[in-house]
Amino acid sequence: MNDRTSFYPELAKKIAPPEGRLAVLLPGLGAVSTTLIAGVHLIRKGLAKPFGSVTQMQKLRLGKRTHPRHTFIKDLVPLAGLDDLAFGGWDIFTDNAYEAARKAGVLTPEALAPVKSELEDVTPMPAVFEREWVKNLDGPNVKKAPTKMHLAEKLVEDIAAFRRASGASRAVMVWCGSTEVYAQQKPVHQTLESFEKGLKENSPDIPPSMIYAYAAIASGTPYANGAPNLSVDVPALMDMARARGVPIAGKDFKTGQTLMKTIIAPGLKARMLGLQGWFSTNILGNRDGEVLDDPGSFRSKEVSKASVLDAILQPDLYPELYRDYFHKVRIEYYPPRGDAKEGWDNIDIVGWLGQPMQIKIDFLCRDSILAAPVVLDLLLFLDLASRAKLSGIQEWLSFYFKSPMSRPDLKPEHDLFVQHLKLANTLRILVGEEVLDHSGLDYYEGAGA
Ligand SMILES: NC(=O)c1ccc[n+]([C@@H]2O[C@H](COP(=O)([O-])OP(=O)(O)OC[C@H]3O[C@@H](n4cnc5c(N)ncnc54)[C@H](O)[C@@H]3O)[C@@H](O)[C@H]2O)c1
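The following block contains the structure:
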């Protein structure tokens with residue numbers, strides 16, 4: 186910790202350095218995972234730039250505006266380097282990461298060519314999978330065992346074996362598997378005891394993503410959930426993560442339409458413009474879109490996307506502006522588009538004297554191009570959190586999620602700009618730098634000299 190003033194000196198941590206390699210374990214080697222792995226190798230070779238990655242490209246201001254220091258985040262906090270990442274994963278299909286990337290079709294064969302052999306080296310370990318949880322998929326590369334506890338133990342062995350084989354000193358896991366059918370918390374999810382009993386007794390309420398999360402935490406491996414299904418977002422696994430000192434985060438990567446929503450809605454609210462309705466629809470043609478074509482998986486996504494506006498607009502505080510707005514989200518599976526999603530938003534807003542106005546957004550985005558840098562940042566920050574001895578829910582990583590996990594008695598924060606401030610200030614706190622509130626009054630009222 187340096188000698189600058191910190192409002193939270195007791196939180197400034199002595200962070201262990203990122204020595205050795207970091208195993209990056211990805212359940213689900215589909216469009217997002219393969220775009221991440223290909224991207225990291227292309228960047229390592231100097232053939233591409235990490236646009237969209239906060240860890241790689243963003244600078245933070247430290248200190249007063251009269252004497253500012255602007256430092257790359259990767260130079261401010263000790264993050265693992267891209268050269269130190271070793272990728273592995275699981276999938277229900279046997280395709281290696283090159284074959285999977287070709288099928289996903291996010292990057293062209295020409296773009297993938299320089300990293301073909303690196304991608305071919307990533308072959309999926311047999312997955313923990315149940316068809317009931319992802320109805321539109323089935324594949325041959327699946328583990329068999331008498332109970333879910335045995336499956337968890339096999340995953341723990343996979344993690345240890347991958348760490349040994351890759352020579353990694355640490356590991357992180359980010360769920361990039363398909364969205365599972367919508368489910369709510371049940372008694373089996375409430376305590377670690379009931380959860381472990383459920384694993385041993387093959388409880389039908391424990392989906393594969395929870396078994397991966399359990400195995401990660403049991404191995405001391407930080408875990409983030411990129412999909413909207415519950416996974417680690419249940420009391421049993423949250424408590425286990427706290428008790429074992431393992432950082433966790435989730436859920437559902439915030440990328441296309443919801444990213445836009447959490448950029449625009451805070452602006453409308455900041456200027457006290459009312460909202461009558463927000464209609465969002467997407468067309469999407471990749472495997473994710475195919476999985477979301479099943480109503481059960483779509484329900485997980487719908488719930489994750491729906492909570493955003495209420496949390497930002499606070500209709501309870503501003504009933505005249507936001508009490509009765511209509512919010513509808515649709516995702517349509519439309520194969521010709523592949524990964525090149527198109528998201529339309531129609532926003533009916535209300536201004537001075539109740540006069541109506543409209544905003545239209547047509548976002549021609551690339552889902553995995555937006556998601557890959559999010560996964561990179563998450564895995565690097567989770568590894569940092571682990572070395573800083575932070576454990577349990579990492580709320581400062583809400584910035585990356587559509588449906589951020591938070592302590593059960595706290596409301597999650599959805600406003601992208603508040604989330605970003607939280608992230609930036611947490612990094613400042615971790616290295617003993619002053620938290621910036623941006624009030625700026627001290628420059629004019631004497632104290633800032
Ligand atoms: N791309 C984005 O912008 C974005 C945003 C938010 C969330 N997500 C979520 O991220 C996840 C990955 O997205 P994607 O576009 O790469 O999807 P994808 O369909 O291309 O890849 C998912 C892969 O997971 C595999 N899989 C399914 N169940 C598995 C299991 N139990 N174990 C191991 N592998 C399993 C599938 O076979 C598939 O290869 C999805 O859940 C998606 O909803 C993506």
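So the mapping is simple: my numbering equals the position in the sequence shown, first residue as 1, plus 185. Every residue gets a Cβ at the ideal spot worked out from N, C-alpha and C, and that includes glycine.
Pair within 7 Å by beta-carbon distance, Phe534 and Leu458: As a working note, residue 534 is residue 349 in the sequence shown. As a working note, residue 458 is residue 273 in the sequence shown. One point to set straight first is that residue 534 is Ile, not Phe, in the sequence displayed. Judged by their CB atoms, Ile534 and Leu458 are nearer to each other than the 7 Å cut-off.
7 Å CB neighbourhood of Leu626 in its chain, flanking five on each side removed: Mapped onto the sequence shown, residue 626 falls at position 441. None.
Cα-Cα separation between Ser583 and Val373, rounded to whole angstroms: As a first step, residue 583 is located in the sequence shown; it is residue number 398 there, counting from the start. As a first step, residue 373 is located in the sequence shown; it is residue number 188 there, counting from the start. Those two C-alpha atoms are separated by around 26 Å.
Ser394, enclosing alpha helix (DSSP H) - first and last residue: Locating residue 394 in the sequence shown gives position 209, where the first residue counts as 1. For Ser394, the enclosing alpha helix (DSSP H) stretches over residues 393-403.
Buried versus exposed, by CB contacts within 10 Å (16 or more), His255: Residue numbering aside, residue 255 sits at position 70 when the sequence shown is read from its first letter. A residue is called buried once 16 or more other Cβ atoms fall within 10 Å of its Cβ, and His255, having fewer, is exposed.
The stretch 292-305 in contact with the stretch 273-284 per 3-pair CB rule at 8 Å: Put simply, the stretch 292-305 touches the stretch 273-284. At least three CB pairs are less than 8 Å apart.
Thr466: CB within 6 Å of a non-hydrogen atom of ligand 1: The residue you call residue 466 lines up with position 281 of the sequence shown. False, no ligand heavy atom lies under 6 Å from that Cβ.
Nearest-angstrom Cβ-Cβ length linking Lys320 and Gly481, presumed shorter than 8 Å: Taking the first residue of the sequence shown as 1, we reach residue 320 at position 135. Taking the first residue of the sequence shown as 1, we reach residue 481 at position 296. About 6 Å separates the two Cβ atoms, so the contact holds.
Nonlocal neighbours in the same chain, by C-beta distance under 6 Å from Glu630, ignoring five residues either side: Working through the sequence shown from its first residue, we reach residue 630 at position 445. Contacts found: none.
Same chain, Cβ closer than 7 Å to Ala557, five either side skipped, listed in chain order: In the sequence shown, counting from the first residue as 1, residue 557 sits at position 372. Excluding sequence positions up to five before and after Ala557, its CB lies within less than 7 Å of the CB of Val217, Thr220, Leu221, Gly224, all in the same chain and listed in chain order.
Proximity below 7 Å, CB of Leu563 to CB of Ala409: Sequence index remark: in the sequence shown, residue 563 carries index 378 (1-based). Sequence index remark: in the sequence shown, residue 409 carries index 224 (1-based). A Cβ-Cβ contact shorter than 7 Å links Leu563 with Ala409.
Secondary structure of Gly411, DSSP reduced to three states: The sequence position of residue 411 within the sequence shown is 226, counting from 1. Reduced to three states, the DSSP call for Gly411 is coil.
Ala634 in three-state terms, based on DSSP: As a working mapping, residue 634 is identified with position 449 in the sequence shown. Per-residue confidence for Ala634 stands at a pLDDT of 44, beneath the threshold of 50, marking its modelled position as unreliable; the derived number appears in the next sentence. Ala634: coil per DSSP, three-state reduction.
Spatial distance of Gly326 from Thr279 (CA atoms): Here residue 326 is taken as the residue at index 141 of the sequence shown, counted from 1. Here residue 279 is taken as the residue at index 94 of the sequence shown, counted from 1. One point to set straight first is that residue 326 is Asn, not Gly, in the sequence displayed. Whole-angstrom Cα-Cα distance: 6 Å.
Residues near Phe314 by beta carbon distance below 6 Å, same chain, minus five either side: One-based indexing of the sequence shown puts residue 314 at position 129. Only Ile277, Val327, Pro393 meet the Cβ criterion.
Euclidean distance between Cα positions of Gln499 and Leu601: Counting from one through the sequence shown, the residue named residue 499 turns up at place 314. Counting from one through the sequence shown, the residue named residue 601 turns up at place 416. Whole-angstrom Cα-Cα distance: 15 Å.
Beta-bridge pairing of Pro541 - partner residues as DSSP gives them: Position 356 of the sequence shown holds residue 541. Pro541 pairs with Val535.
At least three beta-carbon pairs within less than 8 Å, the stretch 484-497 to the stretch 538-552: Judged by Cβ distances under 8 Å, the stretch 484-497 makes no contact with the stretch 538-552, as fewer than three pairs qualify.
Exposure of Ala345, with buried meaning 16 or more beta-carbon neighbours within 10 Å: Residue numbering aside, residue 345 sits at position 160 when the sequence shown is read from its first letter. By the 10 Å Cβ count, Ala345 comes out exposed.
Ligand 2 heavy atom lying under 6 Å from the CB of Ile222: Inclusion of ligand 2 in the displayed structure is not the case, the ligand content consisting of ligand 1 alone.
For Met445 and Glu381, the rounded distance between their alpha carbons: For the purposes of this step, residue 381 is identified with residue 196 of the sequence shown, where counting begins at 1. For the purposes of this step, residue 445 is identified with residue 260 of the sequence shown, where counting begins at 1. Straight-line Cα distance between these residues: approximately 40 Å.
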